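Reviewing the structure listed below.
Numbering (this note's numbering), first residue to last: 1 to 307.
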């Protein structure tokens, strides 16, 4: 278990620091959509949870049970993204903007300390003075597994935030992006394109979005939005078309606009002689958004975000 845990933690910590390092001060504190944490808040939440290591160094005792007895239960809980979890108040992030440089420095120190603890301490010892809600007392091994699974859970959230924030930044220059619609096969298709083309793939399920409450529960596992990015190339996809997909409506052109004037102008011009499928409106992710079918039968989406 220890041999598997070390590379898993290192990989997660490296990705965490890489994502944060690729965002500037404004991006790291930008809210991707209403009700969401910022990337900085997710990272600060993780940083505060990592402080458990200091207590584990001094509060330990021998135990009769296996050191990894509760690992699978912890894994099932924290890696099941269909289960909504509420953070304890003492590790909730700040509501104010967070200094990017200090945050990354703090996380670098804490993640290094965790790896050092894993390599040097007896992980079979229990921590009787610390109670994990619903689990009781954990061993050091189980606490480290919790850190691993908790980090992995929030990395998924960070990837989605990164995608939304960096997509918004495309608005500095107008771009047209291919948007593909699938009837429940978006995950399979986008994963296939990643295998073929490489790049970073981000997937967001309906159950993980503000739209979850408005949709039937069986729609929860479907993909609300996905993006595959590599060297300036972006392909987006979704299971959320509305009508049944067929040749002609399963590929759309998404116009990423750079101003209010532009999104309104392009929308009106391309809709002339065609059909407005979804009027321009404020979407839940904070952008002006709408859809049309032009007079040649080509489907268009329009997106403009001020942030």
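By construction, the Cβ of each residue, glycine as well, lies at the ideal position given by its N, Cα and C atoms. None of these values were measured; they are calculated from a predicted model.
Note to self: Between which residues of its own chain and residue 251 is the CB-CB distance below 8 Å, once the five residues before and five after are set aside?
What the structure shows: Stepping through the chain shown from its first residue, residue 251 is reached at position 251. The residues are 178, 179, 180, 181, 299.
Next item on the list: Counting only the same chain and skipping the five closest in sequence on each side, list residues whose C-beta sits under 8 Å from that of residue 185.
Entry: Stepping through the chain shown from its first residue, residue 185 is reached at position 185. The answer, listed in chain order, is 239.
Checklist line | DSSP-derived helix/strand/coil call for residue 42 | finding: As a first step, residue 42 is located in the chain shown; it is residue number 42 there, counting from the start. Reduced to three states, the DSSP call for residue 42 is helix.
Next item on the list: Note down, in chain order, each residue of its chain lying with its Cβ closer than 7 Å to the Cβ of residue 193, except the 5 sequence neighbours on either side.
Entry: As a position in the chain shown, residue 193 is number 193, starting the count at 1. Excluding residues within five positions, the ones whose Cβ falls inside 7 Å are 228, 235.
Check: Given residue 293, which residues of its chain have a CB within under 8 Å of its CB, disregarding the five upstream and five downstream residues?
Finding: By one-based count along the chain shown, residue 293 stands at place 293. Answer for residue 293: 274, 275, 277, 299, 300, listed in chain order.
Margin query: Less than 9 Å between the beta carbons of residue 34 and residue 296, yes or no?
Written below: One-based indexing of the chain shown puts residue 34 at position 34. One-based indexing of the chain shown puts residue 296 at position 296. Going by C-beta atoms, residue 34 is not nearer than 9 Å to residue 296.
Margin query: Excluding the 5 residues flanking residue 237 on each side, which residues of the same chain have their C-beta closer than 6 Å to its C-beta?
Written below: By 1-based counting over the chain shown, the position of residue 237 is 237. Here the set comprises 180, 186, 190, 226.
Check: Which residue from 76, 93, 69 puts its Cα closest to that of residue 43?
Finding: Here residue 43 refers to the residue found at position 43 of the chain shown. When each option's Cα is compared against that of residue 43, the closest is 93.
Next item on the list: Give the DSSP-derived three-state secondary structure of residue 162 in the structure shown.
Entry: Within the chain shown, the letter at position 162 stands for residue 162. Three-state DSSP puts residue 162 in a helix.
Next item on the list: With a threshold of 16 other CB atoms inside 10 Å of the CB of residue 27, please say whether the residue is buried or exposed.
Entry: Stepping through the chain shown from its first residue, residue 27 is reached at position 27. Buried, because 16 or more other Cβ atoms sit within 10 Å of the Cβ of residue 27.
Checklist line | Where residue 62 falls: helix, strand or coil (DSSP) | finding: If you number the chain shown from 1, residue 62 lands on position 62. Residue 62 falls in the coil class under three-state DSSP.
Item checked: Cα-Cα separation between residue 309 and residue 224, rounded to whole angstroms -> One cannot answer for residue 309 here, as it falls past the ends of the chain, which runs 1 to 307.
Next item on the list: Have a look at 151, 127, 291, 23 and flag the residue whose alpha-carbon is nearest the alpha-carbon of residue 141.
Entry: The residue you call residue 141 lines up with position 141 of the chain shown. Comparing Cα-Cα distances from residue 141 to each of 151, 127, 291, 23, the minimum goes to 127.
Notebook entry, point to check: Quick one: is residue 254 buried, meaning 16 or more other Cβ sit within 10 Å of its Cβ, or exposed?
Noted result: Here residue 254 corresponds to residue number 254 of the chain shown, with the count starting at 1. Result: buried.
Checklist line | Alpha carbon of residue 48 to alpha carbon of residue 32, nearest angstrom | finding: The count along the chain shown starts at 1 and reaches residue 48 at position 48. The count along the chain shown starts at 1 and reaches residue 32 at position 32. Cα-Cα distance, rounded: 22 Å.
Check: Do three or more CB pairs link the segment 57 to 70 to the segment 136 to 152 at distances below 8 Å?
Finding: yes
Notebook entry, point to check: Measuring CB to CB, does residue 110 end up less than 9 Å from residue 50?
Noted result: Start at 1 with the first residue of the chain shown, and residue 110 comes out as number 110. Start at 1 with the first residue of the chain shown, and residue 50 comes out as number 50. Less than 9 Å separates the beta-carbon of residue 110 from that of residue 50.
Margin query: Nearest by alpha-carbon distance to residue 38: which of 290, 74, 99 is it?
Written below: Taking the first residue of the chain shown as 1, we reach residue 38 at position 38. Among 290, 74, 99, the Cα nearest to that of residue 38 is on 99.
Next item on the list: Taking residue 264 and residue 280 to be in contact with their CB atoms under 8 Å, please state how far apart those CB atoms are, rounded to whole angstroms.
Entry: Here residue 264 is taken as the residue at index 264 of the chain shown, counted from 1. Here residue 280 is taken as the residue at index 280 of the chain shown, counted from 1. Right, their Cβ atoms sit about 7 Å apart.
Check: For the segment 216 to 292, which segments carrying the beta strand (DSSP E) assignment without a break, of at least 3 residues, lie completely within its bounds, in sequence order?
Finding: 223 to 230, 233 to 238, 251 to 256, 275 to 282
Notebook entry, point to check: When DSSP builds the beta bridges, which residues end up paired with residue 139?
Noted result: Start at 1 with the first residue of the chain shown, and residue 139 comes out as number 139. Looking at the DSSP assignment, residue 139 forms a beta bridge with 126.
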